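Notes follow once the structure below has been shown.
Chains as they are written, first to last, in the numbering used here: chain D, -13 to 263; chain U, -13 to 263.
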C-alpha cells in the first residue's frame, strides 16, 4: 500500500529554484548557488553543483535532458553568485555536446563535458534489476544513530533530500560499520517535486561516502564524477545504491546505480574521490 | 606455470610510438595518429585516442600518470596529423587537473577532462576480486568463429592487442550469443610491452560491444567515456570485463573493470554509447 505523502508542497525555494540559471546582462548565464545544499562547512554538494551545470547545458541545447555529464571538481565551491560559461559543440537530431565551466570571482571551480538528448520511457532491451531492499517504511532515517552530535556541523543536503537507509547497509549509523563499502537508500526531494533528469544528477552523489561502511568517517571530496541518465523516472521514491570497487592509497571510487519507483534503472554514475583523512 | 612469452620484442612502431605527443613548432603539442589502431572503415578506436590525450595531459603535469579521464567523442576521428591543446587547471602535491582538446584541420574531435597523479602499488584497503576465468591458454582468440569473413573490413585494433575471450562470454563468436551483454577477456599488447597506466586507458575500451552478447552486431560509437586508473599494473596479461547495465532506446552503457596478472583491480571505466543500427 503506498504511503500517504506528508511532504510540504513544492515551493519556489525548492530544487528547481536552487538550481536555476538565467541569462546575465551582457551575455552568458548566472546562478545563485543556494547555501542550503551544503555538505558541511559551507561547501556545496557535488551533485547539486553538477545539476546547476546540467541546467546550463540544456539551456543552450536543442535537446532538453542531460544524458551524460563528466565533471572535474577543481576546488571546493561555496554559495553565492556563480557564472556558467557554455561552449557548444556538435549538435544533431539525436544528441548535442557542450562544455560548461562554473565559476565565481575567484575563477573556475567545476569543468563539465555535457551531452544532452531527449529521454523517454521506452522499455529496455536489457536492464539490471533493482536489488532487494525493504520498503521505505522499514528503512531508517539518516539520524537513526540517535540525537545529533552538536559538535558535528549540520549538513544542509540532508534537509533537502529525504533519505531512508537500507538497514543492511546502515550499521555505521549505529556505530557498527558493516565492513563493506556499500550503501543503499530510498531518496526523494523534500520539496515535494517528482524526480526528473536533473534531480537524478543530484541523487548520483547524494549518499554519505561508502567508506563509512569501512569505519572510515569524514568528508570525501569528489575529484571527478561521471553521471549517465538513462530514462525519465516515474514519480515516487528512487532507490540509490553506491558501491566502492577499490579503496587504496588515499583514493576511492563510488559506483552509483539508481532505480525509479517502478524498478527501472534510470541513472548510473562513477566518481573518483579522495579518502577522508 | 606461466607461459613462455613468444611475442616479438617491442619496436618503435608499437603502442608508445603510436600514442606519442611532441612539442609543435610555435607551441602546443602534436601527434601523428596511427592508421593501424582503427575499429574498421578508417575510424580510430576511442581508447587509443584517449591514451594519446592522456599523454598530452601528463606532458604538462607535475604528475606522471592519468588517474581520471572523461572524454566526449565529438565526432569520428581518422588517422593523420592531430593537434592537442592542453589547458592546465589547479595542480598540487596530490593531483593536477587539465582539459585536453584533440583535433585536426576540421576542428576538435575529442574533449577531455584529465586528472593526473602519481600511482603506486600500495595494497588496497578494499578491492573487488577478479572473476573466475579460465587461464589464458584455455580462452579463445577473437577469430574463434572460423575463417575471417572477407566482406567484413579488417579491424586494426585486433592486430595491436592480443585478446583471449572467456569461452563463457564468447558464444557470439560462434553464432550463439549468450543472451547477456557481458564480455571477459585476457589482453596484452602485441608489441611485447608491459602494461602501464596508458595501455590501461586503451584496454578500457578494447573489447567488442557487449551488445554482441545480445546478438546486436555492428559498430557502437562511444558518446562519452570515463576511465579511472587505480594502480600501476603488474607485468603480464590483464583481465578485462565489460558489462552493460542497460540497453534501451538506442543507447547502451559499458562498465569495464580491469585486473592485472596478480588479480589486483587496476582500472575501471564506464561509457555511454549508441547501439548498432
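We treat Cβ as the ideally placed atom computed from N, Cα and C, and that holds for glycine. Here the structure is a predicted model, which means the values were calculated and not measured.
Rounded separation between residue i and residue j - CA only
i                      : j                      : result
residue 84 of chain D  : residue 89 of chain U  : 15 Å
residue 188 of chain U : residue 167 of chain U : 20 Å
residue 82 of chain D  : residue 210 of chain U : 12 Å
residue 17 of chain D  : residue 72 of chain D  : 13 Å
residue 207 of chain D : residue 262 of chain D : 8 Å
residue 59 of chain D  : residue 32 of chain D  : 8 Å
residue 271 of chain D : residue 122 of chain U : Summary: the structure shown does not reach residue 271 of chain D, with chain D confined to residues -13 through 263, and so no result is reported for it.
residue 265 of chain D : residue 147 of chain U : Within the shown structure, residues of chain D are numbered from -13 to 263, placing residue 265 of chain D beyond reach of any answer.
residue 184 of chain D : residue 198 of chain U : 32 Å
residue 150 of chain U : residue 143 of chain U : 14 Å
residue 68 of chain U  : residue 1 of chain U   : 17 Å
residue 164 of chain U : residue 202 of chain U : 12 Å
residue 26 of chain D  : residue 238 of chain D : 20 Å
residue 205 of chain U : residue 260 of chain U : 9 Å
residue 95 of chain D  : residue 233 of chain D : 25 Å
residue 171 of chain D : residue 141 of chain U : 44 Å
residue -12 of chain U : residue 162 of chain U : Low local confidence applies: a pLDDT of 45 at residue -12 of chain U is under 50, so the model's placement there is unreliable, with the coordinate-based value given in what follows. Rounded to the nearest angstrom, the two C-alpha atoms are 31 Å apart.
residue 181 of chain U : residue 219 of chain U : 6 Å
residue 23 of chain D  : residue 30 of chain D  : 6 Å
residue 112 of chain U : residue 231 of chain D : 8 Å
residue 251 of chain U : residue 153 of chain U : 22 Å
residue 256 of chain U : residue 13 of chain U  : 33 Å
residue 21 of chain D  : residue 119 of chain U : 50 Å
residue 78 of chain D  : residue 51 of chain D  : 14 Å
residue 222 of chain U : residue 159 of chain U : 25 Å
residue 15 of chain U  : residue 49 of chain D  : 34 Å
residue 127 of chain D : residue 62 of chain D  : 27 Å
residue 43 of chain D  : residue 98 of chain D  : 9 Å
residue 129 of chain U : residue 190 of chain U : 21 Å
residue 86 of chain U  : residue 100 of chain U : 7 Å
residue 117 of chain U : residue 156 of chain U : 16 Å
residue 28 of chain D  : residue 66 of chain D  : 11 Å
Coarse secondary structure for residue i, derived from DSSP in three states
i                      : result
residue 73 of chain D  : strand
residue 21 of chain D  : helix
residue 155 of chain D : helix
residue 192 of chain U : coil
residue 7 of chain D   : coil
residue 58 of chain D  : strand
residue 198 of chain U : helix
residue 26 of chain D  : coil
residue 263 of chain U : coil
residue 141 of chain U : coil
residue 43 of chain U  : helix
residue 183 of chain D : helix
residue 220 of chain U : coil
residue 148 of chain D : strand
residue 122 of chain D : helix
residue 171 of chain D : strand
residue 67 of chain U  : strand
residue 253 of chain U : strand
residue 234 of chain D : strand
residue 127 of chain U : strand
Residue i CB to nearest heavy atom of the ligand ZN below 7 Å
i                      : result
residue 182 of chain D : Of the ligands one can find in the structure shown there are none, so the ligand ZN has no counterpart to examine.
- Query: Pairing CB atoms from the region 185 to 204 of chain U with CB atoms from the region 159 to 178 of chain D, are three or more of them under 8 Å?
  - Reply: no
- Message: Does the structure place the region 203 to 218 of chain D close enough to the region 49 to 57 of chain D that three or more beta carbon pairs sit under 8 Å?
- Response: yes
- Item | At least three beta-carbon pairs within less than 8 Å, the region 237 to 247 of chain U to the region 220 to 228 of chain U | The region 237 to 247 of chain U vs the region 220 to 228 of chain U: in contact.
- Stretch pair the region 2 to 14 of chain D + the region 35 to 47 of chain D: three plus CB contacts closer than 8 Å: yes
- Message: Output needed in chain order: residues of the region 186 to 216 of chain U with a Cβ under 7 Å from some Cβ in chain D.
- Response: 200, 209, 210, 212, 214 and 216
- Query: What residue ranges within the region 69 to 116 of chain U form continuous beta strand (DSSP E) runs of no fewer than 3 residues, ordered along the chain?
  - Reply: 81 to 90 and 93 to 103
- Residues, ordered as in the chain, of the region 162 to 182 of chain U that lie near chain D by beta-carbon distance below 7 Å: Here the close residues are 167.
- Would you list, in chain order, the members of the region 25 to 56 of chain U that have their beta-carbon closer than 9 Å to a beta-carbon of chain D? 53, 54, 55 and 56
- Item | Under 8 Å (Cβ pairs) to chain D, residues found in the region 226 to 240 of chain U | 230, 231, 232, 233, 234, 235, 236, 237 and 239
- Closer than 7 Å, Cβ to any Cβ of chain U: which residues of the region 84 to 103 of chain D, in chain order? 85, 97, 99 and 101
- Query: Of the residues that make up the region 111 to 126 of chain U, which ones have a beta carbon closer than 7 Å to any beta carbon in chain D?
  - Reply: 111, 112, 113 and 114
- With 7 Å as the limit, tell me which residues of the region 66 to 78 of chain U have their beta carbon closer than that to any beta carbon of chain D; keep them in chain order. 75 and 76
- Query: What residues in the region 141 to 156 of chain D bring their beta carbon closer than 8 Å to a beta carbon of chain U?
  - Reply: Those residues of the region 141 to 156 of chain D that come within reach of chain U (Cβ to Cβ, closer than 8 Å) do not exist; the list is empty.
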